[in-house]
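K.L.:
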Amino acid sequence: MKKYLTSPLFTPVFFSLVWLLWMCCIFIFEYDNLAGLLNKDSGPLEIITNLAYIPLLLAYIFYARAFMHNRGSRIDFAVFVCLGIAAFLREMGIQHWLTSHDTTAFKSRFFLNPNNPLSEKIVAGAFLLLFFGLIVFLGIKYTKHLIESFFKMNPTTWSIATLCTIGIIGKFFDRFPSNYKHSSGVALPEQLRMNFNIVEETSETFLPLIAAFIFLQYWLLHKKSAN
């Protein structure tokens, strides 16, 4: 089993197939109830996505030891935990908690709106700076390694690439309807917009699951190299 779990192709193949299968089931069996599924306040998909962070939390707890062998790994682990918490808070709606009047925190129009309090802009800006600072830190430290190890078929690198790819796909389908309307002045048909939304919502569910699996995969490889 370990042989399959640590294969570089396991994550992209397995999670892509499960994601596609899940979307097919939704389209086949729940297509007439898409509006209910996509209700961002209390819909089933939102609940499932929130629950998907439980495996990631467990991964932080169970596989932390694999990152404790030197100072650099401990710092990396702390960064990963912070990013996971940030993603969970974003999914839970922290952008709504940080503002008293506007619900678009973390977007440019929130900072450019003169009616929004300066204190709220400072707090939201601090969260953004922290998040992007952590991303830049990892990018500077690991970009070269990730590129080289990708072509060497490193399993963890391929899993990270899968995580990023699904995240980008989800963000594309999330932003395309509004960007299309902004550029053309014409809104997409309601049913097409709902189809795009289902792709975006289901992709968000898989991000913490893939992240949790990356920790498992790293732990298996670390354990194998230690023996």
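Those letters in the sequence shown? Residues 1032 to 1258, per the working numbering, in order.
Glycine is no exception: its CB is placed at the ideal position from the N, C-alpha and C atoms.
Given the structure is predicted, the values throughout are model-derived calculations rather than measurements.
#1: Is P1239 helix, strand or coil when you go by DSSP?
#2: Please confirm whether A1157 and F1141 have their CB atoms less than 8 Å apart.
#3: Is the region 1220-1227 touching the region 1239-1246, taking contact as three or more C-beta pairs under 8 Å?
#4: If you follow the alpha helix (DSSP H) that P1220 is in, where does it begin and where does it stop?
#5: The alpha helix (DSSP H) spanning F1093 covers which residue range?
#6: Which of the three DSSP states is assigned to L1129 in this structure?
#7: Would F1181 pass as a contact of T1174 if the rule is Cβ separation under 8 Å?
#8: What does the alpha-carbon distance come out to for the pair I1153 and S1104?
#9: With a threshold of 16 other CB atoms inside 10 Å of the CB of Y1249, please say whether the residue is buried or exposed.
P.N.:
According to the structure data:
#1: To locate residue 1239, count along the sequence shown from 1; it is residue 208. Three-state result, P1239: helix.
#2: As a working mapping, residue 1157 is identified with position 126 in the sequence shown. As a working mapping, residue 1141 is identified with position 110 in the sequence shown. Contact flag unset, no.
#3: no
#4: Against the sequence shown, residue 1220 aligns to sequence position 189. Element bounds for P1220: n/a, residue is neither H nor E.
#5: Here residue 1093 refers to the residue found at position 62 of the sequence shown. F1093 -> alpha helix (DSSP H) spans 1084-1093.
#6: Locating residue 1129 in the sequence shown gives position 98, counting from the first residue. Here L1129 sits in coil by DSSP.
#7: By 1-based counting over the sequence shown, the position of residue 1181 is 150. By 1-based counting over the sequence shown, the position of residue 1174 is 143. It is not a contact, given that the beta carbons lie outside the stated cut-off.
#8: Counting from 1 along the sequence shown, the entry for residue 1153 is found at position 122. Counting from 1 along the sequence shown, the entry for residue 1104 is found at position 73. Each residue's Cα considered, the two are about 31 Å apart.
#9: Taking the sequence shown and counting its residues from 1, the one referred to as residue 1249 is at position 218. Y1249 should be labelled buried.
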